[in-house]
Amino acid sequence: MKVEDLIPHRPPMVLIDAIESVELSENKLVASFTAREEWRGNWFALEYMAQTAAALAGAFDRASNENAAVRPGFLLGTRRLDLGLPEFEPGSKYLVLAVREYEDGDSAVFSCEIREFDASDCSRKCTATLTAYRPPLR
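Heads up, the sequence shown is in the numbering used here, so the first residue is 1337 and it goes up one at a time.
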């Protein structure tokens, strides 16, 4: 499954590189990215998480209709943002986990986490709860 099949973003605005796993029965998607110099600041964590949550929403859409159009969404809010990684080291690989905790029609809440791909210290991570809205397609 390609990232561009699940989110409305197109290069150069696609920050996540690959879908590592999708478990719709568990409302979960894991994506990955290799950090680049221009996106090394830890404040980019929010966009990495938002794109991963969007990919999960897109995966649900595709599961119900293989030809479903990708629906753009809007990040409405962020709670409990913890930027536990001081920066994203260029050239290093990271995993982004998004779990859909709640969904009500066009709105959803996602728990998200970013950690180093081969981290032995799992306490070094970025976490947040995102609230998003996707209007119906017309």
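Note that the Cβ used here is the ideal one computed from N, Cα and C, for glycine as well.
Within the same chain, and ignoring the five residues on either side of residue 1417 in sequence, the residues whose Cβ sits closer than 6 Å to its Cβ are 1464. DSSP, reduced to helix, strand and coil, places residue 1394 within a helical segment of the structure shown.
Residue nearest to residue 1338 within the set 1445, 1355, 1386 is 1355 (criterion: CA-CA distance). Residue state for residue 1428 is assigned as coil, using DSSP reduced to three classes. For residue 1413, the pairing in a beta bridge is given by DSSP as 1467. In the displayed model, residue 1342 falls within coil according to three-state DSSP, outside both helix and strand. Here residue 1382 carries a helix assignment [DSSP, helix/strand/coil].
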